[in-house]
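Line by line, the protein sequences are chains D and P.
Quick note on our numbering: the first sequence kicks off at 54 and runs consecutively.
Quick note on our numbering: the second sequence kicks off at 33 and runs consecutively.
Glycine included, every Cβ here is placed at the ideal spot set by N, Cα and C.
Since the structure is predicted, the reported quantities are computational estimates derived from the model, not experimental observations.
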Amino acid sequence: AQKITQTQPGMFVQEKEAVTLDCTYDTSDPSYGLFWYKQPSSGEMIFLIYQGSYDQQNATEGRYSLNFQKARKSANLVISASQLGDSAMYFCAMRDLSFSGGYQKVTFGIGTKLQVIP
Amino acid sequence: DAGITQSPRYKITETGRQVTLMCHQTWSHSYMFWYRQDLGHGLRLIYYSAAADITDKGEVPDGYVVSRSKTENFPLTLESATRSQTSVYFCASSENGYNSPLHFGNGTRLTVT
């Protein structure tokens with residue numbers, strides 16, 4: 054069963070505008086972590102931001118913030134003041150307990166391709 | 033240099049051949065992961081390991097074998113490669129803990145002809 058859902062295959066945003074990338078998740082583990090990664094066209098995976106399931110405040114890292122709504126099981130990434138260098142694939146991921154093995158595994162969504170327009 | 037390295041970067045093999053992708057990390061991270069990335073599917077977990085000699089299946093383990101005799105190495109073997117295994121393979125490592133991000137290697141682009 055899919056545990057991370059990213060419903061926006063592609064998004065466009067005007068340079069200097071803010072954009073929200075959607076992510077919903079499903080887990081029965083009360084303890085989990087949510088991550089966002091950026092993958093530019095060069096292919097490397099870059100960690101952007103983390104949100105813990107018990108964190109009271111939304112995470113922020115520079116121009117990145119995470120809109121965490123626990124009851125809705127959503128963890129949307131907000132990028133403020135978009136730059137041309139933000140054009141990339143963005144992946145949402147969740148780390149939780151794998152009941153089959155009893156260890157933490159990390160599941161990714163299918164990603165959202167963001168294009169910043171000058 | 034500390035980090036996580038994958039080898040080879042590119043590999044072309046024929047259907048039916050065995051091929052091993054290597055992954056080495058220098059941080060002594062307990063967790064290691066193998067993903068494959070395909071258009072429209074994002075990153076799908078193949079296998080992961082919580083420590084040396086502890087491995088578990090991910091979403092798409094069929095046709096793959098892993099081992100982890102040492103903490104720093106986590107090789108992925110395709111026992112009999114098929115065209116459907118043409119993909120970009122990423123290895124990642126992390127510390128234990130829900131707040132620990134994954135650190136990725138640069139990937140191996142595998143083509144099965």
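Buried versus exposed, by CB contacts within 10 Å (16 or more), Leu134 (chain P): Locating residue 134 (chain P) in the second sequence gives position 102, counting from the first residue. The Cβ neighbour count for Leu134 (chain P), taken over all protein chains shown within 10 Å, is at least 16; the residue is labelled buried.
Going by CA-CA distance only, name the one from D:Ile163, D:Gln59, D:Gln67, D:Ala128 that's closest to Gln110 (chain D). Taking the first sequence and counting its residues from 1, one reaches residue 110 (chain D) at position 57. Closest option to Gln110 (chain D), Cα to Cα, is D:Ala128.
Could you tell me which residues DSSP pairs with Thr5 (chain P) in its beta bridges? A question about residue 5 (chain P) goes unanswered here, because the residues of chain P that appear run from 33 up to 145.
At the level of alpha carbons, what is the spacing between Ile57 (chain D) and Gly96 (chain D)? Residue 57 (chain D) sits at position 4 when you count from the first residue of the first sequence. Residue 96 (chain D) sits at position 43 when you count from the first residue of the first sequence. Taking the straight line joining both Cα atoms gives about 21 Å.
Sort out for me which residues DSSP pairs Cys145 (chain D) with in a bridge. Here residue 145 (chain D) is taken as the residue at index 92 of the first sequence, counted from 1. Within the DSSP bridge table, the entry for Cys145 (chain D) names D:Trp89 as partners.
Quick check on the DSSP output: what are the complete beta strand (DSSP E) runs of length 3 or more inside the region 89 to 114 of chain D, in order along the chain? 99 to 105
Once the 5 residues before and after Val97 (chain P) are set aside, which same chain residues still bring their CB inside 7 Å of it? Counting from one through the second sequence, the residue named residue 97 (chain P) turns up at place 65. If the five residues before and after Val97 (chain P) are omitted, its C-beta is found closer than 7 Å to the C-beta atoms of Thr109, Glu111, all from its own chain and listed in chain order.
Counted within 10 angstroms of its Cβ, other Cβ atoms place Ser119 (chain P) as buried (16 or more) or exposed: Position 87 of the second sequence, counted from the first residue, corresponds to residue 119 (chain P). Counting Cβ neighbours within 10 Å, Ser119 (chain P) comes out buried, since at least 16 surround it.
Express the C-alpha separation of Ile99 (chain D) and Gly115 (chain D) in angstroms, rounding to a whole number. For the purposes of this step, residue 115 (chain D) is identified with residue 62 of the first sequence, where counting begins at 1. For the purposes of this step, residue 99 (chain D) is identified with residue 46 of the first sequence, where counting begins at 1. Approximately 15 Å, taken between the alpha carbons.
If you draw a straight line from the alpha carbon of Glu46 (chain P) to that of Phe65 (chain P), how long is it in whole angstroms? The count along the second sequence starts at 1 and reaches residue 46 (chain P) at position 14. The count along the second sequence starts at 1 and reaches residue 65 (chain P) at position 33. Spanning the two alpha carbons is a distance of roughly 25 Å.
Quick check: the Cα distance between Phe121 (chain D) and Asp75 (chain D), rounded to an integer number of angstroms? The residue you call residue 121 (chain D) lines up with position 68 of the first sequence. The residue you call residue 75 (chain D) lines up with position 22 of the first sequence. Rounded to the nearest angstrom, the gap between the Cα atoms of Phe121 (chain D) and Asp75 (chain D) is 11 Å.
If you pair each beta-carbon of the region 157 to 164 of chain D with each one of the region 66 to 82 of chain P, do three or more pairs fall below 8 Å? yes
Using a Cβ-Cβ cut-off of less than 7 Å, give me the residues of the region 94 to 108 of chain D that come near chain P, in sequence order. Gly96, Glu97, Met98, Phe100, Tyr103, Gly105
Verify the CB distance criterion: does Ser81 (chain D) have a CB-CB separation below 7 Å to chain P? Locating residue 81 (chain D) in the first sequence gives position 28, counting from the first residue. Not one chain P Cβ lies under 7 Å of Ser81 (chain D).
Interface residues of chain D around Phe122 (chain P) at Cβ under 8 Å? The residue given as residue 122 (chain P) occupies position 90 in the second sequence. Result: Met98.
From the beta carbon of Asn105 (chain P), is the nearest beta carbon of chain D less than 7 Å away? Taking the first residue of the second sequence as position 1, residue 105 (chain P) is located at position 73. Chain D, which has no Cβ nearer than 7 Å to the Cβ of Asn105 (chain P), makes this no.
Distance check for Asn128 (chain P) and Leu150 (chain D), CA to CA, integer angstroms please. Locating residue 150 (chain D) in the first sequence gives position 97, where the first residue counts as 1. Locating residue 128 (chain P) in the second sequence gives position 96, where the first residue counts as 1. Cα-Cα distance, rounded: 12 Å.
Ends of the beta strand (DSSP E) at His56 (chain P)? In the second sequence, counting from the first residue as 1, residue 56 (chain P) sits at position 24. His56 (chain P) -> beta strand (DSSP E) spans 51 to 57.
At a Cβ threshold of 7 Å, is Ile132 (chain D) touching chain P? Looking up residue 132 (chain D) in the first sequence gives position 79. Closer than 7 Å: no.
Anticipated Cβ contact below 8 Å, Tyr143 (chain D) with Thr165 (chain D), distance rounded: If you number the first sequence from 1, residue 143 (chain D) lands on position 90. If you number the first sequence from 1, residue 165 (chain D) lands on position 112. Going by Cβ atoms, the distance from Tyr143 (chain D) to Thr165 (chain D) rounds to 5 Å, so yes, they are a contact pair.
By the 10 Å Cβ neighbour count, where 16 or more other Cβ atoms means buried, how is Leu119 (chain D) classified, buried or exposed? What you label residue 119 (chain D) is simply residue 66 of the first sequence in a count that begins at 1. Buried.
Starting from Ala82 (chain P), find everything on chain D with Cβ-Cβ shorter than 8 Å and list it in chain order. The residue you call residue 82 (chain P) lines up with position 50 of the second sequence. Residues of chain D passing the Cβ test: Gly154, Tyr156, Gln157.
Tyr85 (chain D) and Met147 (chain D): beta carbons closer than 7 Å? Position 32 of the first sequence holds residue 85 (chain D). Position 94 of the first sequence holds residue 147 (chain D). Yes, they are a contact pair.
Hey, how far is the Cα of Ser132 (chain P) from the Cα of Phe106 (chain P)? Taking the second sequence and counting its residues from 1, one reaches residue 132 (chain P) at position 100. Taking the second sequence and counting its residues from 1, one reaches residue 106 (chain P) at position 74. Rounded to the nearest angstrom, the two C-alpha atoms are 19 Å apart.
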